[in-house]
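Input: a single structure, listed below in C-alpha cells.
Number of protein chains: 2
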Amino acid sequence: MNERRRAILEAAARVIARRGVRGLRVEELAAEARVSKALVYYHFGDRAGLLRHTLRFIGERADRYTRGRPPGRGEPEDSLRELERRLLLELQDVPGVRENSTAWGELRASAVFEPELREELRQAGGEWVREIADLLGRVDPSAPDAALVSAAERLVVLLEGLSTRWLIGVLPTGHARELMRGAVTAEVEGLGRGVGLPERCPVGRVR
Amino acid sequence: MNERRRAILEAAARVIARRGVRGLRVEELAAEARVSKALVYYHFGDRAGLLRHTLRFIGERADRYTRGRPPGRGEPEDSLRELERRLLLELQDVPGVRENSTAWGELRASAVFEPELREELRQAGGEWVREIADLLGRVDPSAPDAALVSAAERLVVLLEGLSTRWLIGVLPTGHARELMRGAVTAEVEGLGRGVGLPERCPVGRVR
DNA sequence: GTCTATAAAGCGATAGAC
DNA sequence: GTCTATCGCTTTATAGAC
C-alpha cells in the first residue's frame with residue numbers, strides 16, 4: 000500500500016475519533032495527513048469511499064492489538080482469563096485503544112444510514128463471535144456449540160453497548176469493565192447449567 | 000405545548016430516523032412538518048437546541064409505550080414475563096417503534112461528540128435500569144440489591160447493543176429477540192446462584 | 001501522484017413583512 | 001406566531017498545471 004494512502008487512513012481514524020463521522024471534513028483530514036484535499040479524492044474517489052476504506056483499516060488495526068500478545072512472559076494463559084482479557088481489551092483508557100474504539104463505534108453507528116458499510120461490519124462481527132465462542136468452548140468443552148455461539152454473541156454485543164456508553168462518558172471505565180466481567184461469569188456459569196439455549200433443560204447437568 | 004411545536008418535534012424524530020442526525024436538514028424537517036424554516040429557528044433557537052428538545056421528546060414518547068399497558072385484558076402478569084416483554088418491546092418490526100428506536104440510537108451515538116446530550120441520556124438510562132432492577136427483584140426477592148442493579152445494567156446495555164445491530168440490519172429481528180431472552184434467563188439464573196456480584200459466593204445458595 | 005485554484009451546491013441562520 | 005426572501009459561510013468535488 001502507498002505510504003500516503005496509509006497516512007490518509009491514519010488521519011481519517013484520528014479525525015473520526017475526534018469529531019465523529021458526522022464531523023469529518025475532508026479538508027481537516029487532509030491537513031492532518033499533511034496532504035492536499037485533492038489527493039484524498041484521487042485515492043478514495045469520494046467521501047463514502049473514504050469511509051469504507053477507513054472502516055476496513057480500523058478493523059484490521061483492531062485485529063492486530065486484539066489477537067495475539069499474551070500479557071505475561073509466556074506462561075500458558077488460563078482460557079477463562081484469556082477470554083476476559085480479550086473482552087476487556089477495548090475498554091481501556093489508553094489513547095490508541097480509545098481512538099480505535101471511538102472511530103469503530105462511530106462507523107458502526109453510521110452504518111444504520113449507510114448500507115455500504117454493512118457487509119464489512121457483518122464480517123468483522125462474525126469473526127469476533129467465532130473467536131469468543133472458541134474461547135468459551137475451551138472453558139467449557141462439554142457445552143454444545145449452539146450455546147457457545149449464543150453466549151458469544153451476547154458477550155460481543157454487550158461489549159459494543161458498554162463501549163458506546165463508556166465513550167459517551169456516562170459509564171466510568173472501572174464500572175464498564177466490572178459489568179463485562181460479571182457477564183462473562185454469568186455466561187460461563189450458564190453454559191455449565193445449560194441455560195440460554197433455544198431448548199433448554201431448566202435444571203441443568205453438573206460437570 | 001404549542002401544536003406547531005409538537006408537529007416540528009414529530010417531524011424531527013421522523014427525519015432523524017430516516018437520515019440520521021448528520022443527515023437532518025432543517026429545511027427537510029420544516030417541509031415534513033409543513034412549516035417554514037424560520038419557524039423552526041423561532042421555536043428552538045438553533046440546530047443544537049432543536050436536537051436537545053427532540054431527544055427529550057423521543058425519550059418521553061418511548062416511556063409512553065414502554066411503561067404501562069399490560070398485554071392481555073387484565074390477567075395479573077407474571078413478573079418474569081413482564082420483564083421479558085419490557086425488554087423485547089424495543090425490538091419489534093413495527094414502524095412507530097422502529098422509528099423511535101432508530102432516532103434514539105442515533106442521538107445516543109451522537110452524544111459521544113455532543114456533550115450537551117449526555118445529561119439527558121444519563122437520566123433516561125438510570126430510570127430504565129431502576130425499573131428493570133425492580134422487576135428482577137420481583138422475580139427473585141431474595142437477591143441482594145447490588146446484584147439486581149448489575150444485572151439490570153447488563154440487560155439494558157445489551158438491549159442497546161442489540162438494537163444498534165438490529166437497526167443496521169446485520170441481526171434479524173427474531174435472532175435479536177432470542178438473544179435478549181437468553182440473556183434474561185442467564186441473568187435470572189445467575190441471581191439465584193449469586194453470580195456476577197463484586198464479591199460473590201462461588202457456589203450460590205438454593206432457594 | 002500531487003498540488004493550487006475554483007466551481008457548484010448546500011445549508012444554517014437572519015431580516016423584515018404580515 | 002408565521003411567512004418569504006436572502007445572505008454568507010462551509011464543504012464537497014473537479015479542472016488543470018506540474
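For the protein sequence lines, the chains are A and B, in the order given. Taking numbering that gives the first Met the number 0, the leading residue of the first sequence gets 0, the next gets one more, and so forth. Taking numbering that gives the first Met the number 0, the leading residue of the second sequence gets 0, the next gets one more, and so forth. Cβ atoms here follow ideal geometry from the backbone N, Cα and C, with glycine treated the same way.
Under the DSSP assignment, residue 59 of chain A falls in the alpha helix (DSSP H) whose first and last residues are 46 to 65. Here residue 112 of chain A carries a coil assignment [DSSP, helix/strand/coil]. If you compare the alpha carbons of A/44, A/129, A/191, A/21 with that of residue 139 of chain A, the shortest gap goes to A/191. What residue 167 of chain A touches in chain B, judged by beta-carbon distance under 8 Å, is 107, 110, 111, 117, 120, going in chain order. In this chain, the alpha helix (DSSP H) harbouring residue 149 of chain A covers 144 to 167. With a beta-carbon spacing of about 15 Å, residue 169 of chain A and residue 129 of chain B fall beyond the 8 Å limit used to define contacts.
For residue 193 of chain B, no alpha helix (DSSP H) segment is defined, and its DSSP state is neither H nor E. For the stretch 146 to 161 of chain B, the set of residues with a beta-carbon nearer than 7 Å to any beta-carbon of chain A comprises 149, 152, 153, 156, 157, 159, 160, 161, in chain order. Approximately 7 Å separates the beta-carbon atoms of residue 115 of chain B and residue 47 of chain B; this is inside 8 Å, confirming the contact. Chain-order list of chain B residues neighbouring residue 82 of chain A: empty, with the shortest C-beta distance near 15 Å, by a criterion of under 9 Å. Assignment of residue 88 of chain A by DSSP, reduced to helix, strand and coil, places it in the coil class. Within the same chain, and ignoring the five residues on either side of residue 147 of chain A in sequence, the residues whose Cβ sits closer than 6 Å to its Cβ are 132, 135, 136.
Per DSSP, the continuous alpha helix (DSSP H) segment holding residue 20 of chain A begins and ends at 2 to 22. Under the three-state reduction of DSSP output, residue 100 of chain A falls in the helix class. DSSP, read as helix, strand or coil, puts residue 171 of chain A in coil.
Non-local beta-carbon contacts of residue 81 of chain B in its own chain, meaning distances under 7 Å to residues more than five positions away in sequence, involve 134 in chain order.
Annotation for residue 123 of chain B: the continuous alpha helix (DSSP H) segment containing it runs 117 to 138. Going by C-alpha positions, residue 22 of chain A is about 44 Å away from residue 188 of chain B.
An exposed status is given to residue 26 of chain A, since fewer than 16 other beta-carbon atoms sit within 10 Å of its beta-carbon. With a cutoff of 7 Å on beta-carbon distance, residue 6 of chain A and residue 32 of chain A are scored as near each other. Judged by their CB atoms, residue 101 of chain A and residue 166 of chain A are nearer to each other than the 7 Å cut-off. Residue environment analysis places residue 124 of chain A among the buried positions, since at least 16 neighbouring C-beta atoms fall within 10 angstroms of its C-beta. Secondary structure note for residue 30 of chain B: its alpha helix (DSSP H) is the uninterrupted segment 25 to 31.
According to the DSSP assignment, residue 39 of chain A belongs to the alpha helix (DSSP H) that extends over 36 to 43. The Cβ atoms of residue 158 of chain A and residue 86 of chain A sit closer than 7 Å to each other.
For residue 163 of chain B, the chain A residues whose Cβ falls inside 8 Å of its Cβ are 107, 108, 111, 159, 160, 163, in order along the chain. Contact between residue 90 of chain A and residue 154 of chain A does not hold, since the beta-carbon distance rounds to 13 Å and is not under 8 Å. Among the CB atoms of chain A, none fall inside 7 Å of the CB of residue 97 of chain B. With a threshold of 7 Å between beta carbons, residue 178 of chain B makes contact with chain A. Excluding residues up to 5 positions away in sequence, 138 lie with their Cβ nearer than 6 Å to the Cβ of residue 79 of chain B in the same chain. Chain-order list of chain A residues neighbouring residue 101 of chain B: 111, by C-beta distance under 7 Å. Taking all protein chains in view, the Cβ of residue 113 of chain B is crowded by 16 or more other Cβ atoms within 10 Å, so the residue is classified as buried. Residue 16 of chain B is outside the set of residues whose beta carbon lies under 7 Å from a beta carbon in chain A. Each residue's CA atom was taken as its position, placing residue 174 of chain B and residue 181 of chain B some 10 Å apart.
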